[in-house]
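**Q** Counting from 1, one number per residue, gives the positions in the sequence shown under the UniProt record's numbering. Below: one structure in structure tokens.
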Amino acid sequence: MLNEYKTVTPYVKKYWYNYVLGLAFLFLTNAGQLLIPQVLRQSVDVIYNGGSSDGLILRNTLLIIGLAVLVALGRFFWRFFIHGASRRIEAALRRRLFDHLLLLGHNFFNKHKTGDIMARATNDLNHIRMATGMALIAFADGLFMSMAILIILFRQNVSLAGLTILPLPIITLIILFFGRMIGPLFRKVQNRFSALSGHVQEALTGVRVIKAFNREDFFAREFEEKNDDYRDANMSLVKIWGLYFPIIAFLSGISTVLLLIFGGQAVISGSFSPGDFTAFLSYLGMLVWPLLGAGFTVNMIQRGGASLKRINEILDFEPLIRNVEEPIERIRSSEISVNNLTYTHEGEDEPVLEDISFNLKEGEILGILGRTGSGKSTLLNLLTRQYDPPEWSILLDGVDVRMYEINALRRYFGLVPQENFLFSTTIEENISFGIPEADHEAVLAAAQLSTIDRDVEAFPRKWETEVGERGVTLSGGQKQRVAISRALILDPPVLVFDDALSAVDTETESKILKHLLQERAGKTSIVVSHRISTLQYADKVIVLDKGKIVESGTPGELLGNDGIYSDIARLQNFEASEEN
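Written out as structure tokens, the structure reads:
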């Protein structure tokens, strides 16, 4: 468990001065607390003996007030420094986690639900903060106070101190016993919380589908089951942890009883003054917190270790796609060559692409046609290194794409993905996403090319229209055209459409393609589509089936062949004539 804390060690070292100052103020606070019973002892003895010392009582009263102020200030500053450090560590670790998530590829996100990742980035990091802050305080405070109080008690009365601390070894055994049980139980709680978060995230994301299929009751029952599982796991932990405090209170009460019996006899016999008894009782009362603090320390260390284990599982997940030692920053030409490309997804046995070869000269338009699951999107992801292709299987400007700096390579391509994702901001900000500094004229020009401008002008807030989460307020065609504009504003050397016109009507599709041909004359484009009407503008077309190229040629040549391309063309022409 402690081995997991190696992740936060660099951050603790970075803020060492916060911890040193915080501990200094903590010990100053403790010193003030330890002095108060001594002042009380002196005052009680003076009052008991009936001495005339009003000045001493007044002085001691003012001294206690001064010590209380010192304790209050000390508590403020140790909280400021130590809790401040733990908050900074939490923020730094969350930043590191997010940066690492941005580096991870499909192989990670295919295995981890968004809700689970969110639970780790929020709930688990809160427990790590407690472990790097309050756990240290509880440990240092408990150790210092318990040692100091025991020294004072034994110096005051050895035999009485020995009798009253008899329950303490039992408390130590209880702390060790509970500490072993808390770790596994807390890991179970966090796993159940991740499952609950994942279910809620999935339900909220797909709420339209849930309503369309009238499955609200099913998802409500699923939520209830997962919520109950989370509650039961928490209750198992609470039952164990809840026993700790009553046991400590009971054992500390026994210490008080022992003091009353043996200390009271000593006072009656005159070997122990009332002031000594009062101070002794105060110190025993103060000794309860260090005993509770030990339990808090074990609890928070166990919880923090369990949470760090879950965070480390993500941080230890290595990104599959990395830059080579000296990557090439500049790409001079958009000529693309694919040579005998065979690719298999991680964890699968059958290749999704097999022996793919084609050449695309700069300025040409390549069309790609294929049935669902034929490997079209995988091929595009390999071009931009969303997946890593085999060495020297994909060349850009005669160089293996793996040799280019990843960000430079991806900036070279303007991708309109099959699944159009819009951010919950304005239409203008979505279009200018790749170039945040773009002015309105550039946004408008890109919108005109995709024809989304005519829709936006009809909206009440026009370009300031909020699209909602994932573009929920727009239709499918509108979302596609905003995504197209987002790629066009970059004016990329290679534009990639991954079935990006499937949600627009044929008239709008024709306008978009004609605009692109005019504006992008001489620039390379790759267009994936199920529509023959979309591919008619391509210089060459390849047809994929079961991960292999089964046909290739110009649109005219493929129409003359008896193959998949001509079959789909005849079917789509028949459907169009039927509609008319």
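All C-beta atoms in this analysis are idealised placements derived from N, C-alpha and C, irrespective of residue type, glycine included. Fair warning: this is a prediction, and the values are worked out from it, not measured in the lab.
Kindly indicate which three-state DSSP category SER252 falls into: helix, strand or coil?
**A** Residue state, collapsed to three classes: helix.
**Q** Below 8 Å on the Cβ atoms is my guess for ILE311 versus THR7; work out the distance and round it to an integer in Å.
**A** The pair is a contact, with the Cβ atoms about 7 Å apart (cut-off 8 Å).
**Q** Going by CA-CA distance only, name the one from ARG41, PHE27, MET181 and GLN265 that's closest to PHE77.
**A** Per the Cα distances, PHE27.
**Q** Assuming LEU415 and LEU516 are in contact, meaning their beta carbons sit under 8 Å apart, how far apart are those beta carbons, in whole angstroms?
**A** Not a contact, Cβ separation roughly 15 Å.
**Q** From the DSSP output, read off the bridge partner residues of GLU466.
**A** According to DSSP, GLU466 bridges with THR426.
**Q** Using 8 Å as the threshold, is the region 503–517 in touch with the region 475–483, meaning 3 or more CB pairs across them?
**A** Cβ pair count under 8 Å is three or more, so yes.
**Q** Bridge partners for residue 605 per DSSP, in chain order?
**A** Since the first residue shown for the chain is 1 and the last is 580, residue 605 is missing from the structure and cannot be characterised.
**Q** Checking the sheet assignment: what are the DSSP bridge partners for SER273?
**A** Paired residues: none, contrary to the question.
**Q** DSSP three-state call for residue 612: helix, strand or coil?
**A** Since the displayed the chain opens at 1 and closes at 580, residue 612 lies outside it and no answer follows.
**Q** State the start and end residues of the unbroken alpha helix (DSSP H) segment that holds LYS511.
**A** Per DSSP, LYS511 belongs to the alpha helix (DSSP H) from 506–519.
**Q** Hey, which unbroken runs of the beta strand (DSSP E) at 3 residues or more fall wholly within the region 328–373?
**A** Those beta strand (DSSP E) runs which fall completely within the region 328–373 and span 3+ residues are 336–343, 353–360 and 365–370.
**Q** Going by beta carbon distance, what residues of the same chain come within less than 6 Å of LEU150, once the five residues before and after it are set aside?
**A** Answer for LEU150: no residue qualifies.
**Q** From the DSSP output, in three-state form, read off VAL472 for me.
**A** It is coil, neither helix nor strand.
**Q** Quick check on GLU391: does DSSP put it in helix, strand or coil?
**A** Residue state, collapsed to three classes: coil.
**Q** Look at the Cβ atom of VAL494, then the Cβ atom of TYR404, and state whether they are nearer than 8 Å.
**A** Taking 8 Å as the Cβ cut-off, VAL494 and TYR404 do not qualify as a contacting pair.
**Q** Check the DSSP bridge columns for SER525 and list the partner residues they point to.
**A** Bridge partners of SER525: ILE365 and LEU495.
**Q** I'd like to know whether the C-beta atoms of PHE177 and VAL298 end up nearer to each other than 8 Å.
**A** For PHE177 and VAL298, no; Cβs fall outside 8 Å.
**Q** Nearest to ASP217 by CA position, among LEU173, ALA203 and GLN42, is which residue?
**A** Among LEU173, ALA203 and GLN42, the Cα nearest to that of ASP217 belongs to ALA203.
**Q** Just mark PRO460 as buried or exposed, buried being the case when its beta carbon has 16 or more other beta carbons within 10 Å.
**A** Exposed, because fewer than 16 other Cβ atoms sit within 10 Å of the Cβ of PRO460.
**Q** Can you name, in chain order, every residue of its own chain whose Cβ lies under 7 Å from the Cβ of ALA446, other than the five neighbours on each side?
**A** The residues are ILE431, SER485, LEU488 and ILE489.
**Q** Please report the distance separating the alpha-carbon of LYS376 from that of ARG481.
**A** For LYS376 and ARG481, the distance between alpha carbons rounds to 21 Å.
**Q** Helix, strand or coil for VAL8 per DSSP?
**A** In this structure, VAL8 counts as coil in the three-state DSSP scheme.
**Q** Take the Cβ of LEU166 as the centre, count every other Cβ of all protein chains shown within 10 Å, and call the residue buried at 16 or more, exposed below.
**A** Exposed.
**Q** Give the secondary structure of LEU104 by DSSP, where H, G and I count as helix, E and B as strand, and everything else as coil.
**A** The answer is coil: DSSP assigns LEU104 none of H, G, I, E or B.
**Q** Taking three-plus beta-carbon pairs below 8 Å as touching, is the region 9–24 in contact with the region 84–92?
**A** The region 9–24 is in contact with the region 84–92.
**Q** Short of 8 Å in beta carbon distance, which residues of its chain neighbour HIS530, apart from the five on each side in sequence? Order them along the chain.
**A** If we look at HIS530 and ignore the five residues flanking it on each side, its Cβ neighbours are LEU369, ASP499, SER502 and ILE568.
**Q** Under the criterion of a Cβ to heavy atom distance below 7 Å, does THR378 qualify as lining the ligand FMN?
**A** In the structure shown, the ligand FMN is absent, as is every other ligand, since no ligand is present at all.
**Q** Can you give the beta carbon distance from ILE394 to LEU383, rounded, assuming they're within the 8 Å contact cut?
**A** ILE394 to LEU383, Cβ: 6 Å. Contact.
**Q** State yes or no: is the C-beta of LEU168 within less than 8 Å of the C-beta of ALA161?
**A** Going by C-beta atoms, LEU168 is not nearer than 8 Å to ALA161.
**Q** Spatial neighbours of VAL189 within its chain, please: C-beta separation below 6 Å, excluding the five flanking residues on both sides.
**A** Excluding positions up to five away in sequence, the list reads ALA233, ASN234 and LEU237.
**Q** Following the continuous alpha helix (DSSP H) through LEU449, name the residue where it begins and the one where it ends.
**A** Note, LEU449: alpha helix (DSSP H), 440–450.
**Q** List the whole-angstrom C-beta distance separating GLU464 from GLU428, where the pair is believed to meet the contact cut-off of C-beta under 8 Å.
**A** Sure, about 7 Å apart at Cβ, within 8 Å.
**Q** Report yes or no: is there a C-beta of chain D within less than 8 Å of the C-beta of ARG180?
**A** Included in the structure is just one protein chain, with no chain D present.
**Q** Buried or exposed: where does GLY115 fall if 16 or more other Cβ atoms within 10 Å of its Cβ makes it buried?
**A** GLY115 is buried by the Cβ-count criterion.
**Q** Going by the beta-carbon positions, is the gap between ILE210 and PHE223 smaller than 8 Å?
**A** No, the pair does not count as a contact, with Cβ atoms beyond the cut-off.
**Q** With a 10 Å radius around its C-beta and 16 neighbouring C-beta atoms as the bar for buried, classify PRO184 as buried or exposed.
**A** With fewer than 16 Cβ atoms within 10 Å of its Cβ, PRO184 is classed as exposed.
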